[in-house]
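Trainee: Mapping of the sequence shown onto UniProt numbering: position 296 corresponds to residue 296, and the numbering continues sequentially without gaps. There's a structure below that I have some questions on.
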Amino acid sequence: MRPRRAWRAPWPRASCPSLSLARRSRWRAWLRTRPSRPSPPRPSCACSARSCPCSAPATRRTGRSAQTRETSSVAGIEGALEAVLAYAADDSHGYVFGASDYGAGTDCSGLVQYYAAKLEGVEPTSYPNLNTRNMRSIMTGRGWKALEFTGTAALKRGDVLLTNTKSHTMIWLGGGRIVGAEGDWDGKRGDGSGNEVTERSYYAYSWQWVLRWPGGSDGGDGDLVIDGKWGRSTTLKGQEQAGTVPDGVVSSQNAYWKPKFAGCTTGWEWLESDYTGSPFIMAMQTTMRDKYGIDVGDIDGLAGRKFWRGLEKLAGFEPDEEGLEYPSNTIKWLQGQFNAGTFF
Numbered sequence: 001m002r003p004r005r006a007w008r009a010p011w012p013r014a015s016c017p018s019l020s021l022a023r024r025s026r027w028r029a030w031l032r033t034r035p036s037r038p039s040p041p042r043p044s045c046a047c048s049a050r051s052c053p054c055s056a057p058a059t060r061r062t063g064r065s066a067q068t069r070e071t072s073s074v075a076g077i078e079g080a081l082e083a084v085l086a087y088a089a090d091d092s093h094g095y096v097f098g099a100s101d102y103g104a105g106t107d108c109s110g111l112v113q114y115y116a117a118k119l120e121g122v123e124p125t126s127y128p129n130l131n132t133r134n135m136r137s138i139m140t141g142r143g144w145k146a147l148e149f150t151g152t153a154a155l156k157r158g159d160v161l162l163t164n165t166k167s168h169t170m171i172w173l174g175g176g177r178i179v180g181a182e183g184d185w186d187g188k189r190g191d192g193s194g195n196e197v198t199e200r201s202y203y204a205y206s207w208q209w210v211l212r213w214p215g216g217s218d219g220g221d222g223d224l225v226i227d228g229k230w231g232r233s234t235t236l237k238g239q240e241q242a243g244t245v246p247d248g249v250v251s252s253q254n255a256y257w258k259p260k261f262a263g264c265t266t267g268w269e270w271l272e273s274d275y276t277g278s279p280f281i282m283a284m285q286t287t288m289r290d291k292y293g294i295d296v297g298d299i300d301g302l303a304g305r306k307f308w309r310g311l312e313k314l315a316g317f318e319p320d321e322e323g324l325e326y327p328s329n330t331i332k333w334l335q336g337q338f339n340a341g342t343f344f
């Protein structure tokens with residue numbers, strides 16, 4: 001009886017310089033019939049779908065403020081704080097230095113980034129990456145106010161506290177409470193102690209700056225209410241900074257584009273013919289072109305497609321064809337810029 005040959009795999013050895021015709025045929029046949037590799041299992045996540053960014057489907061950033069986009073953003077300081085507190089309460093989120101994908105956790109500046117993004121109505125992972133060195137300049141450029149820290153008596157709920165000397169930041173909740181990412185206490189994934197990303201009592205820590213979103217409930221200090229509606233008060237605030245006549249009116253606009261400016265409410269003059277444009281819109285177009293490098297077309301004072309798409313781009317959204325809806329997150333951004341005096 002002839003002895004059995006040892007089994008040999010039908011695929012070639014990497015070191016073999018040449019193959020017989022039969023072995024090549026077996027190799028090709030095996031390639032055709034080999035089972036496909038199974039897809040890797042999706043990582044399990046203990047996060048709740050409501051609070052965890054890693055469980056939410058990817059969404060495209062657009063300049064729209066329609067319901068499809070608002071479901072992934074949170075409007076207002078209270079809503080943003082609610083989102084941050086829910087994130088902190090989930091102990092699968094620990095302190096992870098430098099992390100900004102939010103699946104396993106984040107650090108102190110990453111938590112502030114999460115809060116600011118929710119407040120402004122953008123995805124946290126699409127917000128500019130913050131750290132304690134660049135935070136003040138980035139956030140004030142987006143409409144936040146920077147105030148010197150003078151003590152807790154002057155703080156408002158939702159204020160961000162920042163110290164550059166000790167490289168730390170946290171969010172003031174009021175009543176002597178804060179929420180922040182404090183540190184990795186056990187070197188393990190997640191928040192085993194419940195004290196890494198957490199709500200806790202306030203502590204003094206050489207705070208230097210207070211970063212405040214100017215929306216608030218009443219606008220205060222002559223500021224606009226950040227409501228995403230461009231009416232007379234928004235126009236007047238911008239006109240005062242642009243140096244045009246402060247009458248609260250955006251005059252002589254082409255009525256053809258009115259449906260695309262649903263978020264533009266009082267003080268807009270829409271004409272079917274003989275429209276000549278607004279000096280205020282002309283000032284905005286000039287600033288968008290010269291200061292920010294935005295293609296606005298002709299400097300004609302007429303708010304049209306290039307105008308709203310340019311504003312969406314400046315606000316950090318993907319320009320779309322929907323226009324400035326009611327209410328509009330692009331207008332919220334613009335109102336923040338007018339409050340901070342940084343647009344012109």
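Using N, Cα and C, we set each Cβ at its ideal position, and we do this for glycine too. Since the structure is predicted, the reported quantities are computational estimates derived from the model, not experimental observations.
#1: In angstroms with no decimal places, state the Cα-to-Cα distance between residue 282 and residue 341.
#2: Taking just the CA atoms, how far does residue 266 sit from residue 127?
#3: Decide if residue 150 is buried, meaning its Cβ has at least 16 other Cβ atoms within 10 Å, or exposed.
#4: Taking just the CA atoms, how far does residue 166 sit from residue 275?
#5: Look up residue 254 in the DSSP assignment and say whether it is helix, strand or coil.
#6: Is DSSP giving residue 198 helix, strand or coil here?
#7: What first and last residue would you give for the alpha helix (DSSP H) that runs through residue 235?
#8: With burial defined as no fewer than 16 other Cβ atoms inside 10 Å of the residue's Cβ, what is the status of residue 19: buried or exposed?
#9: In chain order, what residues of the same chain have a beta carbon less than 6 Å from the beta carbon of residue 248, not counting five sequence neighbours either side?
#10: Over the uninterrupted alpha helix (DSSP H) stretch that includes residue 311, give me the two end residues.
#11: Could you give the uninterrupted runs of the alpha helix (DSSP H) lying entirely in the region 130-163, keeping only those of 4 residues or more?
#12: Helix, strand or coil, according to DSSP, for residue 95 in the structure here?
#13: Pairs of beta-carbons, one from the region 306-316 and one from the region 198-210, closer than 8 Å: are there three or more?
Mentor: For this structure:
#1: Looking up residue 282 in the sequence shown gives position 282. Looking up residue 341 in the sequence shown gives position 341. Whole-angstrom Cα-Cα distance: 18 Å.
#2: The residue given as residue 127 occupies position 127 in the sequence shown. The residue given as residue 266 occupies position 266 in the sequence shown. Near 31 Å, if we compare the C-alpha coordinates of residue 266 and residue 127.
#3: On the sequence shown, residue 150 is found 150 positions in, with the first residue counted as 1. Exposed, since its Cβ has fewer than 16 Cβ neighbours within 10 Å.
#4: Counting from 1 along the sequence shown, the entry for residue 275 is found at position 275. Counting from 1 along the sequence shown, the entry for residue 166 is found at position 166. Going from the Cα of residue 275 to the Cα of residue 166 covers about 56 Å.
#5: As a first step, residue 254 is located in the sequence shown; it is residue number 254 there, counting from the start. In the structure shown, residue 254 sits in a strand (DSSP, three-state: E or B).
#6: Here residue 198 refers to the residue found at position 198 of the sequence shown. Strand at residue 198.
#7: Position 235 of the sequence shown, counted from the first residue, corresponds to residue 235. 232-242 is the span of the alpha helix (DSSP H), which, as asked, contains residue 235.
#8: Position 19 of the sequence shown holds residue 19. Only weak support is given to the placement of residue 19: the predicted model assigns it a pLDDT of 43, under 50, and the question is left unresolved by the model.
#9: Translated into the one-based positions of the sequence shown, residue 248 becomes position 248. So the qualifying residues of the chain are 232, 235, 236 and 267.
#10: Locating residue 311 in the sequence shown gives position 311, where the first residue counts as 1. Residue 311 -> alpha helix (DSSP H) spans 305-314.
#11: Complete alpha helix (DSSP H) runs here, min 4: 135-141.
#12: By one-based count along the sequence shown, residue 95 stands at place 95. In the three-state reduction of the DSSP assignment, residue 95 falls in the strand class.
#13: Under the Cβ criterion (8 Å, minimum of three pairs), the region 306-316 does not count as touching the region 198-210.
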